Amino acid sequence: MELAQVRLLVSDFAACYRFYADVLGLKPQSGAAEGPYEKLSPATGSAGIALQDRAAMAEWLGELDDTATGHRSLVVLRVDDLDDYCARITERGAVIVHGPASLTERMRVAHLKDPEGNLVELQEWQLLLG
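Position 87 of the sequence shown, counted from 1, bears residue number 87 in the UniProt record's numbering, the numbering being contiguous throughout.
Take a look at the structure:
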């Protein structure tokens, strides 16, 4: 078994696509900016985030509410230089709601939200010296 992706069910597909592609800089698999599905991946690694139009999924499953409420997910992305990455995505429209700050002595984090309110955590792992 292999984890293929984490898929977010979103109501405003185009806004979420722009956020993950244009603001965070993930690479779209096919360029389906209007949906109903797209997988976006970082430049390295095999993991990816997929966006799925919530209404389209509701047609298949018939049990999804029209609007999601509360925090239902946390997308975690690892970056090499947290301060630099936060500066670059802020210039592209991201709003950092927490950090960058140390979470543990080995990890610094920053948090932001996508257009649907899904939490995104950016992590920078640090080597322990000495």
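The beta-carbon is built from N, C-alpha and C at its ideal position, and this holds for glycine as well.
Note that this is a predicted model, so its numbers are computed, not measured.
Would you list the residues sitting across from MET107 in a DSSP beta bridge?
-> Against the sequence shown, residue 107 aligns to sequence position 107. Beta-bridge pairing links MET107 to TRP125.
Mark LEU82 as exposed unless 16 or more other C-beta atoms lie within 10 angstroms of its C-beta, in which case mark it buried.
-> As a working note, residue 82 is residue 82 in the sequence shown. It counts as buried.
GLY48 versus LEU119: straight-line alpha-carbon distance, rounded = Position 48 of the sequence shown holds residue 48. Position 119 of the sequence shown holds residue 119. C-alpha separation (whole angstroms): 16 Å.
Could you check which residue in ALA56, TRP125, VAL10 has the C-alpha nearest to that of GLU79?
-> Counted from its first residue, the sequence shown places residue 79 at position 79. The sequence shown places Val at residue 79, rather than the Glu named in the question. For VAL79, the nearest C-alpha among the options comes from TRP125.
CB ALA21 to CB PRO36, shorter than 7 Å?
-> Walking along the sequence shown from the start, residue 21 turns up at place 21. Walking along the sequence shown from the start, residue 36 turns up at place 36. Not closer than 7 Å, so no.
Contact set for VAL97: own chain, Cβ-Cβ below 7 Å, skip 5 residues either direction = By one-based count along the sequence shown, residue 97 stands at place 97. Around VAL97, the same chain offers HIS111, LEU112, LYS113 as residues with beta carbons nearer than 7 Å, after the five sequence neighbours per side are excluded.
Let me know the secondary structure DSSP gives ARG92 once reduced to three states.
-> By one-based count along the sequence shown, residue 92 stands at place 92. In this structure, ARG92 counts as coil in the three-state DSSP scheme.
Where does LEU51 fall in DSSP's three states?
-> Sequence index remark: in the sequence shown, residue 51 carries index 51 (1-based). Looking at LEU51 - three-state DSSP - the assignment turns out to be strand.
From the DSSP output, read off the bridge partner residues of LEU61.
-> Translated into the one-based positions of the sequence shown, residue 61 becomes position 61. Answer is none; LEU61 lacks a bridge partner.
Helix or strand or just coil, what does DSSP make of LEU8?
-> Stepping through the sequence shown from its first residue, residue 8 is reached at position 8. In the structure shown, LEU8 sits in a strand (DSSP, three-state: E or B).
Which of the three DSSP states, helix, strand or coil, is assigned to LEU26?
-> Position 26 of the sequence shown, counting from 1, holds the residue named residue 26. Three-state DSSP puts LEU26 in coil, outside helix and strand.
Identify the residues that DSSP records as bridge partners of LEU82: which are they?
-> As a first step, residue 82 is located in the sequence shown; it is residue number 82 there, counting from the start. Partner(s): none; LEU82 has no beta bridge.
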